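Undergrad: These protein sequence lines are chains Y and C, in that order. Read in order, the letters of the first sequence correspond to residues 40 to 378 in our numbering. Read in order, the letters of the second sequence correspond to residues 303 to 526 in our numbering. In this text, a Cβ means the ideal position worked out from N, Cα and C, and glycines have one as well. The model shown is predicted, which means the values in this text are computed figures rather than measured ones.
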Amino acid sequence: MELPKELLFAYFAGQATSVQQKAVGEWLHRPENLETYFQWLDEWERTYPQYAPNVASNLDLFRQRIESPDEAPSRLVRSSVAETRPFWHPGRWLVAATVTLALLISGWLFRKPLFYQTIATSSHQLRALNLPDGSTVALNSNSSIDIPRLGYGWLSREVTLRGDAVFDVKHLPNNQPFIVQVTDGLAVEVLGTEFSVRSHAAQAEVVLKRGRVNLHYVATDRASRQLLMKPGDRVTLDKRGTLHLQDHTDTTRFANWRYRLFNFNDTPLRDVARQIQTVFGVTVQLNDPALAHRTLTGTIRAGSSDELAEALAELLDLKVSHRDQKLIFSTTSEILITQ
Amino acid sequence: MPANGFPLQRSPDPVPDGTPPVPRRDSLSSVPNDSELFIRTTFATDPKMGCELLFRQYFAPLCSHAIRFVYDRQLAEDLVADLFYAFYTKEIYKQITGSYRAYLYQAVRNRAYNSIRWELDRQETLPDDLDRPDVDTAQPDRLLQQDELYRALEQVVQQLPPQRQRVFLLSRFEGKSYKEIAAEMSLSPKTVENHLLRAVSTVRQYLRQQRLISWGLLIIAALS
């Protein structure tokens, strides 16, 4: 299809009818016509120029620019452009600064969840953790532990404990100490050993089974003290900083809760209830006074207070029910009566 | 040079001073190819010289073409100068398969078009394939859309009230300050500023609509 040059010129000048425009469009869709299009566009632009720029002075500028490429970037920033497009308006900097500040502040506020992984147990739960260096932690109920996300094992081995836990710490070739930071000013430094730490609002307790640990604590006179513990030592520290050391304690029944095994040997149910209370932190109520005197023999493996209560109920043919943080044991007949 | 009759009326007589000699019409279809052949051989031996020849040959018509889009003399000349600078420093001349002319016109249109889009909507990012040398990928639809755009721009400027049009052109074409325009037209600088703002806003508004119109046309073209 041939298109008269005059038609294209009319089209360029905006004088083509809509039908002619369509014809130009179809003509242009043939790839071989593109060159002709640009040739005639050039010809039209030369025949009917909008204005006459000063080619000589612009060519001089262009020569300078390609001779000294270093100056080129400054040339690229046009003043007229800066006027019409105030991209880097001062307000932008303000926004950037505010965003950065907000990020920093939130990073600071949330630094704990960012840098530490917190593992917590509820009141009816026990948990065993394997740390990346091969150490293990048995976490009792109602406890939580913070483990660093980054650099654990090669930067530091420092964990923070709230509650009750048994640590079995692997000794590392680089003698990297393992430190348990207890919230109330007590830190236990270890090189490879097994010990238990229990920290509650009123007092903290550390029992060492084997190996050696170094105890850092703040004494009554607010001074920082250290104490080297030997196996069998049991140390309690109360809120005011008074330290009690008891040596040669029986460590065979040392924190048995972590094995999730409960040993009973002709144990009255009242004592069983007390054990459940100390291990899981739940209140146990025996509805019938006669129940307290019934005894129990055997070993029960249970990971939670509910599991243990279910097992007991089955063994002794009792009914167990929950109310808030309470476990209530009652005889089946009694329930029938009350119903 | 009188400001009112100068830029938008396409007078059949080209403004003579400073322009490269306009070739006679009958010889045109063959001449550019011959001259491009000469430039092409120059590029093979001395790229800098080749660029200068190309600059001499095409700078004026390219500026004239760019200004149909950007309506700003300084901006148009900067666009074209930047194009030549990129052409030389990025060694685009090595990748040209078609004619230099086709590449240069397509590239200057893209740059001008992007400049308008940039001015309209500052959030929009510019595509980085601004200077792609393959003319074959130049979409005919895009060419038609750009043709449509500059003709529409022409119309909207023509339709401005005469005084506002004059202020607009004095400011954008001749790069005159408010004060100079105010003195020339015996208006207060405030009025000049007002005229200019309104003119620019009219153009912008029209451009926004125009974009929709162009898309509509594209769809019609695709369907037909």
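Taking leucine 366 of chain Y as part of the beta strand (DSSP E), name the residues at either end of that continuous run.
TA: Indexing the first sequence from 1 puts residue 366 of chain Y at position 327. That run of the beta strand (DSSP E) goes 365 to 370.
Undergrad: Measuring CB atoms only, is the stretch 77 to 91 of chain Y touching the stretch 359 to 369 of chain C, in the sense that at least three cross pairs come out at less than 8 Å?
TA: yes
Undergrad: Measure from the alpha carbon of serine 263 of chain Y to the alpha carbon of each residue in Y/Thr275, Y/Arg251, Y/Ala226, then state which is nearest.
TA: Indexing the first sequence from 1 puts residue 263 of chain Y at position 224. For serine 263 of chain Y, the nearest C-alpha among the options comes from Y/Ala226.
Undergrad: Which term fits serine 113 of chain Y, buried or exposed, when burial requires 16 or more other beta carbons within 10 angstroms of its beta carbon?
TA: The residue labelled residue 113 of chain Y in the question sits at position 74 within the first sequence. Residue confidence is low: serine 113 of chain Y scores 45 on pLDDT, short of 50, so the model does not pin down where it sits. Its coordinate-derived value is still stated next. By the 10 Å Cβ count, serine 113 of chain Y comes out exposed.
Undergrad: Return yes when the Cβ of serine 235 of chain Y is within less than 8 Å of the Cβ of alanine 204 of chain Y, no when it is not.
TA: For this step, residue 204 of chain Y is matched to residue 165 along the first sequence. For this step, residue 235 of chain Y is matched to residue 196 along the first sequence. Cβ atoms of alanine 204 of chain Y and serine 235 of chain Y: closer than 8 Å.
Undergrad: Taking DSSP as the reference, what is the three-state secondary structure of alanine 204 of chain Y?
TA: Here the question's residue 204 of chain Y lines up with position 165 in the first sequence. Correct three-state label for alanine 204 of chain Y: strand.
Undergrad: Going by DSSP, which residues form a beta bridge with alanine 177 of chain Y?
TA: As a working note, residue 177 of chain Y is residue 138 in the first sequence. Answer is Y/Ala167, Y/Val205, bridged to alanine 177 of chain Y.
Undergrad: So with CB distances below 7 Å, who are the chain C contacts of glutamine 89 of chain Y?
TA: Residue numbering aside, residue 89 of chain Y sits at position 50 when the first sequence is read from its first letter. By Cβ distance, chain C contributes Pro309, Ser366, Ile369, Arg370.
Undergrad: Would glutamate 338 of chain C count as contacting chain Y if we go by Cβ distances under 8 Å?
TA: Numbered from 1 along the second sequence, position 36 holds the residue referred to as residue 338 of chain C. Glutamate 338 of chain C does not count as touching chain Y.
Undergrad: Sort Y/Glu84, Y/Asp99, Y/Asn93 by Cα distance to glutamate 354 of chain C and report the nearest one.
TA: Here residue 354 of chain C corresponds to residue number 52 of the second sequence, with the count starting at 1. Nearest of Y/Glu84, Y/Asp99, Y/Asn93 to glutamate 354 of chain C, Cα basis: Y/Asp99.
Undergrad: Is the CB of phenylalanine 470 of chain C under 8 Å away from at least one CB in chain Y?
TA: Position 168 of the second sequence holds residue 470 of chain C. Taking Cβ atoms only, chain Y never reaches closer than 8 Å to phenylalanine 470 of chain C, which makes this a no.
Undergrad: So with CB distances below 8 Å, who are the chain C contacts of aspartate 81 of chain Y?
TA: Your numbering for residue 81 of chain Y matches position 42 in the first sequence. The answer, in chain order, is Pro334, Tyr360, Pro363, Arg403, Tyr407.
Undergrad: From the beta carbon of lysine 68 of chain Y, is the nearest beta carbon of chain C less than 8 Å away?
TA: Mapped onto the first sequence, residue 68 of chain Y falls at position 29. Strictly speaking, residue 68 of chain Y in this sequence is histidine, with lysine absent from that position. Taking Cβ atoms only, chain C reaches closer than 8 Å to histidine 68 of chain Y, which makes this a yes.
Undergrad: Leaving aside the five residues before and after glutamine 244 of chain Y along the sequence, list all residues of the same chain whose C-beta is less than 6 Å from its C-beta, in chain order.
TA: Looking up residue 244 of chain Y in the first sequence gives position 205. As written in the sequence, residue 244 of chain Y is glutamate, which differs from the glutamine given in the question. Cβ within range, chain order: Arg237, Thr275.
Undergrad: Would you mind giving the Cβ-Cβ distance between valine 458 of chain C and valine 505 of chain C, rounded to the nearest angstrom? I have them listed as a contact below 8 Å.
TA: Mapped onto the second sequence, residue 458 of chain C falls at position 156. Mapped onto the second sequence, residue 505 of chain C falls at position 203. The Cβ separation is near 6 Å, so the contact holds.
Undergrad: Just to confirm my understanding: we take leucine 401 of chain C, look at its own chain, exclude 5 residues before and 5 after, and list those with CB closer than 7 Å. What are they?
TA: By 1-based counting over the second sequence, the position of residue 401 of chain C is 99. Leucine is not the amino acid found at residue 401 of chain C; the sequence shown has serine there. Contacts found: Glu338.
Undergrad: Can you confirm whether arginine 506 of chain C, when its beta carbon is compared against all beta carbons of chain Y, has any partner nearer than 8 Å?
TA: As a first step, residue 506 of chain C must be located in the second sequence, where it is residue number 204. So, not an interface residue.
Undergrad: To the nearest angstrom, report how far apart phenylalanine 303 of chain Y and glutamate 349 of chain Y are at their CA atoms.
TA: Taking the first sequence and counting its residues from 1, one reaches residue 303 of chain Y at position 264. Taking the first sequence and counting its residues from 1, one reaches residue 349 of chain Y at position 310. Cα to Cα, the separation comes out at about 16 Å.
Undergrad: Short check: CB of tyrosine 480 of chain C to CB of glutamate 495 of chain C, under 8 Å?
TA: Counting from one through the second sequence, the residue named residue 480 of chain C turns up at place 178. Counting from one through the second sequence, the residue named residue 495 of chain C turns up at place 193. The answer is yes: Cβ separation under 8 Å.
Undergrad: Among C/Arg358, C/Leu381, C/Gln376, C/Phe389, whose alpha-carbon lies nearest the alpha-carbon of isoleucine 105 of chain Y?
TA: Counting from 1 along the first sequence, the entry for residue 105 of chain Y is found at position 66. Ranking C/Arg358, C/Leu381, C/Gln376, C/Phe389 by Cα distance to isoleucine 105 of chain Y puts C/Phe389 first.
Undergrad: Considering alanine 534 of chain C, what are the terminal residues of the alpha helix (DSSP H) in which it resides?
TA: What the structure shows of chain C is the stretch from 303 to 526, and residue 534 of chain C is not part of that stretch, so it cannot be assessed.
Undergrad: If we define contact as Cβ-Cβ less than 8 Å, is phenylalanine 388 of chain Y a contact residue for chain C?
TA: Residue 388 of chain Y is absent from the model: chain Y starts at 40 and stops at 378.
Undergrad: Is the CB of threonine 56 of chain Y under 8 Å away from at least one CB in chain C?
TA: Position 17 of the first sequence, counted from the first residue, corresponds to residue 56 of chain Y. Cβ-Cβ to chain C under 8 Å: no for threonine 56 of chain Y.
Undergrad: Please check if any C-beta of chain Y sits within less than 8 Å of the C-beta of proline 464 of chain C.
TA: Within the second sequence, numbered from 1, the residue matching residue 464 of chain C stands at position 162. At a cut-off of 8 Å between C-beta atoms, proline 464 of chain C does not count as an interface residue with respect to chain Y.
Undergrad: Counting pairs of Cβ atoms below 8 Å between the stretch 135 to 146 of chain Y and the stretch 186 to 195 of chain Y, do you hit three or more?
TA: no
Undergrad: Can you give me the C-alpha to C-alpha distance between isoleucine 367 of chain Y and threonine 322 of chain Y, rounded to a whole angstrom?
TA: In the first sequence, counting from the first residue as 1, residue 367 of chain Y sits at position 328. In the first sequence, counting from the first residue as 1, residue 322 of chain Y sits at position 283. Each residue's alpha carbon lies about 9 Å from the other.
Undergrad: Among the candidates Y/Arg249, Y/Val138, Y/Asn214, Y/Thr160, whose CA atom is the shortest distance from the CA of serine 344 of chain Y?
TA: Your numbering for residue 344 of chain Y matches position 305 in the first sequence. Taking only the C-alpha atoms, the option nearest serine 344 of chain Y is Y/Thr160.
Undergrad: Give me the Cα-Cα distance between glutamine 364 of chain Y and alanine 135 of chain Y, rounded to the nearest whole angstrom.
TA: Locating residue 364 of chain Y in the first sequence gives position 325, counting from the first residue. Locating residue 135 of chain Y in the first sequence gives position 96, counting from the first residue. Going by the C-alpha atoms only, they are around 50 Å apart.
Undergrad: Applying the criterion that 16 or more other CB atoms from any shown protein chain within 10 Å of the CB defines a buried residue, is methionine 351 of chain C buried or exposed?
TA: Along the second sequence, one-based indexing puts residue 351 of chain C at 49. Exposed, since its Cβ has fewer than 16 Cβ neighbours within 10 Å.
Undergrad: Using only alpha-carbon positions, find the residue among Y/Lys44, Y/Gln242, Y/Asp172 that is nearest to tryptophan 83 of chain Y.
TA: The residue you call residue 83 of chain Y lines up with position 44 of the first sequence. Closest option to tryptophan 83 of chain Y, Cα to Cα, is Y/Lys44.
Undergrad: Aspartate 327 of chain Y and threonine 370 of chain Y look like a contact to me (Cβ under 8 Å); what is the Cβ gap, rounded to whole Å?
TA: Working through the first sequence from its first residue, we reach residue 327 of chain Y at position 288. Working through the first sequence from its first residue, we reach residue 370 of chain Y at position 331. Confirmed, Cβ separation roughly 5 Å.
Undergrad: When the Cα atoms are used, what is the spatial distance from serine 360 of chain Y to glutamine 316 of chain Y?
TA: Along the first sequence, read from residue 1 onward, the residue named residue 360 of chain Y stands at position 321. Along the first sequence, read from residue 1 onward, the residue named residue 316 of chain Y stands at position 277. Taking the straight line from one Cα to the other gives about 15 Å.
Undergrad: According to DSSP, what are the bridge partners of arginine 273 of chain Y?
TA: Here residue 273 of chain Y refers to the residue found at position 234 of the first sequence. Arginine 273 of chain Y pairs with Y/Val246, Y/Gln285.
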